[in-house]
Amino acid sequence: MLIQRLQFITNWLSGEFFSNKSIENVYDNVSRDNKYDTSVNFEKRTKGFKHILTHAKLDQGSVLDLACGTGAIEVALKDRNMHILGVDNSSGMLEIAQKKLKRWKNITFKKGNFMTVDLPNNRFDLITIAHAIRFVP
14 MLIQRLQFIT NWLSGEFFSN KSIENVYDNV SRDNKYDTSV NFEKRTKGFK HILTHAKLDQ
74 GSVLDLACGT GAIEVALKDR NMHILGVDNS SGMLEIAQKK LKRWKNITFK KGNFMTVDLP
134 NNRFDLITIA HAIRFVP
């Protein structure tokens with residue numbers, strides 16, 4: 014299992030850094046068959062985000078999660094009384110996030126590049142970006 018996980022991560026990072034594929038295409042590929050969530054240990058990440066976000070004393074308002082992926086931050090915040098907008102460039106990642114969080118009406122998702130996406134409201138009480146800061150020029 015560990016070798017398969019390392020091979021998956023190596024292929025994912027090779028695609029991201031050394032291929033001519035778009036980032037959207039790379040993440041659509043890694044999201045297939047839930048391999049991304051397995052390789053990054055989704056439950057552990059969500060638990061970590063939940064712990065970190067307890068320091069953000071927000072119980073209402075709005076959150077913008079840039080490059081939301083499969084929804085780890087959304088899961089960590091889902092029970093708070095706030096609107097959460099997750100933005101991601103990958104349809105595959107968004108599809109997984111939407112399935113996980115379909116019963117929470119306070120969470121919406123939008124497909125788009127977080128650097129250029131048109132946001133419905135330019136005011137947010139919290140903006141997060143977990144593992145995509147490397148894409149900011």
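Numbered as in our numbering, the sequence shown ends at 150 without a single skipped number. Where is the CB? At the ideal position from N, CA and C, for every residue including glycine. In this text the structure is predicted, and so the values were computed from the model without any measurement.
Proximity below 7 angstroms, CB of residue i to CB of residue j
i, j, result
"Gly-74", "Asp-138", "yes"
"Val-130", "Val-149", "no"
"Ser-44", "Gly-125", "no"
"Ala-80", "Ile-22", "no"
"Leu-107", "Ala-89", "no"
"Ile-86", "Phe-62", "yes"
"Ser-103", "Asp-41", "yes"
Three-state class that DSSP yields for residue i in the structure shown
i, result
"Lys-60", "helix"
"Ser-75", "strand"
"Thr-51", "helix"
"Gly-84", "coil"
"Thr-141", "strand"
"Ser-35", "coil"
"Phe-148", "helix"
"Met-128", "coil"
"Leu-114", "coil"
"Arg-136", "coil"
"Asp-92", "coil"
"Thr-23", "helix"
With 16 other Cβ atoms within 10 Å as the buried cut-off, status of residue i
i, result
"Asn-33", "exposed"
"Arg-58", "buried"
"Glu-56", "exposed"
"Asn-54", "exposed"
"Lys-118", "exposed"
Beta-carbon proximity list for residue i, same chain, < 8 angstroms, skipping 5 on both sides
i, result
"Leu-71", "Arg-93, Met-95, Asp-138 and Leu-139"
"Arg-136", "Ser-75"
"Arg-18", "Thr-51 and Ser-52"
Own chain partners of residue i with C-beta closer than 6 angstroms, once the 5 adjacent residues on each side are dropped
i, result
"Leu-98", "Leu-77 and Thr-121"
"Val-39", "Gly-28 and Glu-29"
Residues bridged to residue i [DSSP beta-bridge criterion]
i, result
"Gly-99", "Asp-78 and Phe-122"
Cβ neighbours of residue i in the same chain (closer than 7 angstroms, five flanking residues each side left out)
i, result
"Lys-48", "Phe-21"
The ligand ZN heavy atom lying under 6 angstroms from the CB of residue i
i, result
"His-96", "Annotation note on the ligand ZN: not contained in the displayed structure, which lists no ligands."
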